[in-house]
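**Q** Residue numbers (this note's numbering), protein chains in the order written: chain A, 225 to 735; chain B, 225 to 735. Beta carbons are placed, not taken as given, at the ideal position from N, Cα and C, and that holds for glycine.
1. Confirm, please, whether the CB-CB distance from residue 265 of chain B to residue 302 of chain A is below 8 Å.
2. Rounding to the nearest angstrom, what Cα-Cα distance links residue 263 of chain B and residue 355 of chain A in this structure?
3. Kindly list, in the order they appear in chain A, the residues whose Cβ is closer than 7 Å to that of residue 267 of chain B.
4. Which two residues bound the contiguous beta strand (DSSP E) that contains residue 714 of chain B?
5. Does the beta-carbon of residue 420 of chain B, which I'm using as the reference point, lie nearer than 7 Å to any heavy atom of the ligand FAD?
6. May I have the straight-line CA-CA distance separating residue 396 of chain A from residue 515 of chain A, to the nearest angstrom?
7. Please classify residue 475 of chain A as buried or exposed, where buried requires at least 16 neighbouring CB atoms within 10 angstroms.
8. Assign residue 443 of chain B to one of three DSSP states: helix, strand, or coil.
9. Under DSSP, the beta strand (DSSP E) around residue 243 of chain A begins and ends at which residues?
10. If you count every other CB in all the chains shown that lies within 10 Å of the CB of residue 227 of chain B, and 16 or more means buried, which is it?
11. Indicate the three-state DSSP secondary structure (helix, strand or coil) for residue 228 of chain A in the structure shown.
12. Counting Cβ pairs, one atom from each stretch, are 3 or more of them under 8 Å apart for the region 374 to 383 of chain B and the region 315 to 323 of chain B?
13. Might you give, ordered along the chain, the residues of its own chain that have their beta carbon closer than 8 Å to the beta carbon of residue 646 of chain A, omitting 5 neighbours on each side?
14. For residue 373 of chain A, which three-state DSSP category applies?
15. In the DSSP assignment, find the unbroken alpha helix (DSSP H) run with residue 681 of chain A in it and report its ends.
16. Which chain A residues are close to residue 272 of chain B, counting only those with a beta carbon under 8 Å from its beta carbon?
17. Counting along the chain, where does the beta strand (DSSP E) carrying residue 453 of chain B start and finish?
18. Taking the alpha-carbon positions, what's the residue 347 of chain B to residue 308 of chain B distance?
19. When the Cα atoms are used, what is the spatial distance from residue 494 of chain A to residue 411 of chain A?
20. Sort B/500, B/685, B/635 and B/261 by Cα distance to residue 722 of chain B and report the nearest one.
21. Considering only the alpha carbon of each residue, which of A/530, A/629 and A/539 lies closest to residue 588 of chain A?
22. Can you list, in chain order, the residues of the region 368 to 380 of chain B whose Cβ is nearer than 8 Å to any Cβ on chain A?
23. Taking contact to mean at least 3 C-beta pairs separated by less than 8 Å, is the region 488 to 502 of chain A in contact with the region 597 to 617 of chain A?
24. Using a Cβ cut-off of 8 Å (strictly closer), state whether residue 698 of chain A contacts chain E.
25. Pick helix, strand or coil for residue 490 of chain B, following the three-state DSSP scheme.
26. Which residue comes first and which comes last in the alpha helix (DSSP H) that contains residue 382 of chain A?
27. Assign residue 610 of chain B to one of two classes, buried (16 or more other C-beta atoms within 10 Å of its C-beta) or exposed (fewer than that).
28. Just to make sure I have the definition right: I need the residues of chain A whose C-beta is within less than 8 Å of the C-beta of residue 218 of chain B. Which are they?
29. So, is the C-beta of residue 399 of chain A closer than 8 Å to a C-beta in chain B?
30. Taking the beta strand (DSSP E) that residue 342 of chain A belongs to, which residues open and close that run?
31. Within the same chain, show all residues whose beta-carbon is closer than 7 Å to that of residue 234 of chain A, passing over the 5 residues directly before and after it, in chain order.
32. Checking the sheet assignment: what are the DSSP bridge partners for residue 560 of chain A?
33. To the nearest angstrom, how far is it from the Cα of residue 651 of chain B to the Cα of residue 580 of chain B?
34. Hey, which unbroken runs of the alpha helix (DSSP H) at 4 residues or more fall wholly within the region 569 to 628 of chain B?
35. Note down the Cα distance separating residue 640 of chain A from residue 371 of chain B, rounded to an integer number of angstroms.
36. Just the Cα atoms here: how many angstroms apart are residue 565 of chain B and residue 558 of chain B?
See below:
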């Protein structure tokens, strides 16, 4: 970013206009696009391929912790949805409502909605209430517990300011819904699933997070406690990457999930829910992409290695293509986290530069060029997407397959380290209101530069302070971090109220 | 079925009341249940586990034929949906319509739909029109073709007479949507995907099918040609198990999918679509289940082998459980069609008989009992779900893992052979109207027994004949079979009209 004149594949650069840069990265990688249905996106194959990898890997983690998948109805009768007061209030403004069950032609020959339904149906924005209705039937005794179920589904939350992947009216997600015999078990489940999310985001998406609890004002509607993981992206804002809710007995009371206890009494179940969505794809882009486009953590890349045969002359063409096929065969025989390496040979009749740039913009971790000169030298030219675009390392062709997985691991690790360094560099401990306000205020209001970051500051626990700061700066408490044996919470003074504070909390502007 | 007094796990038996037997098999296996949302089902973990296996295996076949997955919006603007006249007419009666974007509290304090949308949205019953809008943007030149995309999604078709898996308002499916440069390519794709379906249903679900073309009256609304595969289930009715549509240029004209041809002219693309749904789960149940419950083809079973430790005495308990764990470890190390064998040890504190019956009703292919006496004899007692429930084979414990995959293959093969024998036994070639009507008429109208089957009969090609027979017998043409080099179509006389017929077609009552 120090040489403003350097040509980059994405215009504008991150430091020129971050929101527009984001849109251009998504477009250049052909990941997704807005649809004509307001707020809904089309996820194109490259974006969906990333989601498939995320799904497969997360799903394996859910199953390893004893969960199974199921599927519940898309539609929620309005009366069910209204059973939990805070819940319906929290989602009312975002609900899409089905009111008719057919189309018909009216007197003017126009196609219009036909038969009104006796009860309107809400398109699920989340499924606590509809799943609760099933659980109420399934759970009769403590012997039926725990219920440990996850659902992969689409959900709809009407969005006035849509942004592809980050805020869309329809999005894809998973939602876990569990019922437990005791409060302690449900709280342990809530935490366990947050830990699964943290591990997934750290080890698979190469993004470090802060994890902790939400303040009351940021809780899921109807929850007793919401846990979350918060990532920092390259404009130094926070993105909530996953949440896990301890719902107490609120939803089991609303849905009638009751069981006979070991003591023979009738008790309400203790429930949890937890979710991650296609928003994670937006998080990956904002965390890792650069001014030349997407940069993918190898573990979720739809293609790990692209081979670019260089065939300038007809007489060497066959030999080059044969060598490329041989190399691809060696690579595809390798396993990478339980699945064979995905390798593409790009043989399209296009300029080599054009092809190379296409894969750069798609963020493929390793590009391998192979031409007639390489055949003679016995080398291949390897470019890592986490290194400058022009950088190449020449590796003996016979050795490349043996080093491929190690190279991918090194990219994965490097992306994580880079993201962690970035986050740590923009995380501050602040003790005065003045410094806090200064940190979150752009220096040039006419064209706000990237500024701010995460702040660890004391807080007296009051909602008034939160609201004041949100109104002044658009800054919110991202989480009250978990106790850390290495840095136990220290008491102090809330710089906004002058009152006592039991611990520092993490503040940031957020998506 | 010859000893009416024999006790079975499912009441009623198939021959007593087939529709009720079906519901009871679904319930006893805990596969799915109706929800309180009219026509929508809840797919429970056992049913969803079967769907996950079907998905994974079909998805691999789609990818092997060059398709990639993507995701398009759930909602279709009414104006898009109405672009193809036959299409909207075909689906109008089944559409769920979203008309409002929020909930609000009315003057009486009741929660009601809030803001009306400027244009109603149809919840997709199928996605030709919404996907067509994207393809119109993506396709500019012949170089952009073919577009080969599949989507896994939920769809909604309002259903007045719902039946779990077979007819539900919401169901899960995949829908492939492709665009091609030429008519010949699109027709080849349509056939290729039908062949994929036939292979999947035959080799994975162990069900033989007739494949061919639909008559005009049974075509997909808007299609030029609909190909299908038709299975026979145990009440001798037909189930359409998958369809593949050649759409000609109808939908590309409606959506504006145009491209510059090699000759420089502007042409409309040739499109196809093809789909399979959770209805297949209902087909598997009706094809293979028996009077003791579900019978699963091993390739799609969520659990291949259940080990039932018998621990009557405390002193032998530990040794039995250790032996069970050792056996499970050996089995889980085995691969079965690209994934490790799924093995469960059922250690629940329940009566052995109760547990055994639970797994019988769930249709697990192999049950292995292991108790103190087996430890002494060095054997395990193996029961195959395709054999009578009480049948056991004693296999040396040390040899069982070595034979497990072979046993599963044998069950898979046996289920196919059984289904094929059943179908062939109930498929007739008929040449007179009288015999045709007799074949499809129950002998006891008060309590219609299972009757009929598939009939190969001549047809003059007229819609009037189809309508008469449908109205008289509820029998329809399931398909006009493809040309078979072994049995080339022979011309003859249509027994209903006395007119010439170019070939026999397949008739049946259908779900």
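**A** Reading from the atomic positions:
1. no
2. 16 Å
3. 294 and 295
4. No beta strand (DSSP E) contains residue 714 of chain B, which DSSP labels as neither H nor E.
5. Judged by which ligands are present, the structure shown has none, so any question about the ligand FAD falls away.
6. When rounded, the distance between both Cα atoms is 28 Å.
7. buried
8. coil
9. Not the beta strand (DSSP E): residue 243 of chain A falls in the alpha helix (DSSP H), residues 242 to 252.
10. Unreliable positioning characterises residue 227 of chain B in this predicted model, as indicated by a pLDDT of 48, which lies under 50. The coordinate reading is nonetheless provided below. It is exposed - the Cβ of residue 227 of chain B has fewer than 16 other Cβ atoms within 10 Å.
11. Confidence at residue 228 of chain A is low in this model, with a pLDDT of 48, below 50, so its placement is unreliable and no value can be given for it.
12. yes
13. 456 and 458
14. strand
15. DSSP places residue 681 of chain A outside any alpha helix (DSSP H); the residue lies instead in the beta strand (DSSP E), whose first and last residues are 678 to 682.
16. 292, 293, 294 and 295, listed in chain order.
17. From DSSP, the beta strand (DSSP E) with residue 453 of chain B extends over 449 to 456.
18. 17 Å
19. 9 Å
20. B/685
21. A/530
22. 373, 377, 378 and 380
23. These segments do not touch.
24. You won't find chain E in this structure, because its protein chains are A and B.
25. In the structure shown, residue 490 of chain B sits in a strand (DSSP, three-state: E or B).
26. Neither: residue 382 of chain A is in no alpha helix (DSSP H) and is coded neither H nor E.
27. buried
28. In the structure as shown, chain B begins at 225 and stops at 735. Residue 218 of chain B is therefore absent and cannot be evaluated.
29. no
30. 340 to 347
31. 245, 248, 249, 252, 515, 516 and 517
32. A/563
33. CA-to-CA, the gap between residue 651 of chain B and residue 580 of chain B works out to about 36 Å.
34. 576 to 586 and 596 to 601
35. For the pair residue 640 of chain A and residue 371 of chain B, the Cα-to-Cα distance works out to about 36 Å.
36. 6 Å
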